[in-house]
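Numbering (our numbering), first residue to last: 118 to 476. Have a look at the structure below, then the notes.
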C-alpha cells in the first residue's frame, strides 16, 4: 500500500521568465539579487510566476526570499507590512452576513499592545477592512517594496476593500479573511511578526473581541486569528489554516452521521489532476452498508503545498478520529471518474483499474 499520495500537479515551464531559472538553483545570493532586480523593474508578473514555481520547496524558497526583500527595503528602520489571518466559522438558521469591516478596530490594536504582541514596533496600525485572500493575491509586490522605503506611500494597503461574508442558512461554514496593518521596526529588533508569534498570549481574547464586534442577530460566529504573516505570504498561510479547520469540521459532522447510522466509514485518499495542471488531494468516506452515505472533502494544492505533508495531515486527523480503514491510491486520477463522481467510494476501488491514469 502507498505511504503517501503522488503529487498530481503538472508543472508548467516558462522559459521566458529568468526568475524561474534562478529559483531552480541553490544559490540564495543570486535569488536575492534577481528578486531585487525584478522589484526595482516593477516585474510583478514575473514575481507572481516565480511564487508558483514547482516543486513546492522552490515556491517556498521564493516566497521567503521575496518577503525578506520587501522587509529589508527600509535599510535600518523599515515599514513592515503584515496580515493577520482570521479563520471564521459561521452558521445561521437563515441567510445572514458577516460584516466586511470592524467597527472598533482600535480596540483590536489596543488588545494586541496590552498583551505584549506589538513589542517594540512603533506607529503600529491596523486597517478595519476584513480582506479576502484574493485581494492579497492581487497586491503588487513592487508597490509594497517601494512603500516599505517610503512610509508616505500607503497606497497598497489603502486599496484593500472590506469583503462581507454571505452565510448560507442551515449549515456551518469555514471562511477566511485578513486584518492588514503596518508598523515601523528597526531592522535589528524583533518585528511584530516575531513579537506576536506566540498566539497563546493574545489569541483567545482577540477571538472574543472579534466575535463581539461581528455579532449579528441569528448569527453564530467563531473568528479564530492565526499568527501574523508577511503580507505577501499571508494568503498561503491563511488558506492552509482555513482548510485545516474545514477538514476538522467536515470530519466531526460526517463521522457523527455515519456512526449514528451504520458505524465507522471506509476512507479513501486520492490525488486528482484538474484542467490546467492544478491538483487536489481528496478524502472520500463511504460504507458498503448504505450507498447513500457517501461524502468527500477536497484539498486544492497551493504552489507551496507538499503533497506528502498534506497526506500526512489527512492520516493524522483520521487517526485522531479513530478511522482505521484507510486506503491510499498510488496513482493520479482525473478530476472526474467514469460516471462523473469526483470522490472515490470504497465500492469503486475494484473498478479503478479501468480508469485512465494521469502521468
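Ideal Cβ positions, reconstructed from N, Cα and C, are used throughout, including at glycine. None of the values given here were measured: they were computed from a predicted structure.
Give me, in chain order, the residues of the same chain whose beta-carbon lies closer than 6 Å to that of residue i; leave out the 5 immediate sequence neighbours on both sides.
i	result
residue 476	Its pLDDT being 35, under 50, residue 476 is placed unreliably in this model, and the coordinates cannot settle the point.
residue 459	453
residue 124	424
residue 449	123, 125, 388, 390 and 475
residue 461	385, 387 and 401
Apply the 10 Å Cβ neighbour rule to residue i and answer buried if 16 or more other Cβ atoms are within range, or exposed otherwise.
i	result
residue 202	buried
residue 281	exposed
residue 379	exposed
residue 439	exposed
residue 358	buried
residue 456	exposed
residue 417	exposed
residue 188	buried
residue 251	exposed
residue 141	exposed
residue 298	buried
residue 433	exposed
residue 346	buried
residue 340	buried
residue 287	exposed
On the DSSP bridge list, what partners appear for residue i?
i	result
residue 245	Answer by DSSP bridge pairing: none, since residue 245 is not bridged.
residue 390	396 and 451
residue 346	200
residue 341	204
residue 445	386
residue 401	385 and 413
residue 336	209
residue 298	199 and 243
Who are the near neighbours of residue i in its chain, counting only those whose CB is closer than 7 Å to its CB and skipping five residues on each side?
i	result
residue 220	330
residue 421	173, 176, 177, 180 and 353
residue 128	171
residue 308	197, 238 and 302
residue 184	347, 349 and 350
residue 363	291
Between which two residues does the beta strand (DSSP E) harbouring residue i extend?
i	result
residue 414	411 to 417
residue 250	That residue, residue 250, is in no beta strand (DSSP E); its alpha helix (DSSP H) goes 250 to 254.
Residues in the same chain with beta-carbon distance under 8 Å from residue i, minus the five sequence neighbours each way, listed in chain order, please.
i	result
residue 322	228 and 232
residue 312	233, 234, 235, 236, 237 and 238
residue 444	118, 383, 384, 385, 386, 463 and 466
residue 333	213, 214, 215 and 216
residue 366	206, 289 and 291
residue 121	424, 425, 428, 429 and 445
Taking the alpha helix (DSSP H) that residue i belongs to, which residues open and close that run?
i	result
residue 150	145 to 158
residue 469	It is not in any alpha helix (DSSP H) - residue 469 carries neither H nor E in the DSSP assignment.
residue 134	Run containing residue 134: none; DSSP gives neither H nor E here.
residue 460	Per DSSP, residue 460 belongs to no alpha helix (DSSP H) and is neither H nor E.
residue 369	351 to 378
residue 427	424 to 437
residue 322	320 to 331
residue 166	161 to 168
Check your understanding: Which parts of the segment 260 to 295 are runs of the beta strand (DSSP E), unbroken and 3 residues or longer, counting only runs that do not cross its ends?
Key -> When DSSP assignments are scanned along the segment 260 to 295, the uninterrupted stretches of beta strand (DSSP E) that are 3 or more residues long and fall wholly within it turn out to be 282 to 284.
Check your understanding: Unbroken alpha helix (DSSP H) runs of length 4 or more, entirely within the segment 212 to 246: which are they?
Key -> Here the runs fully enclosed are 222 to 231.
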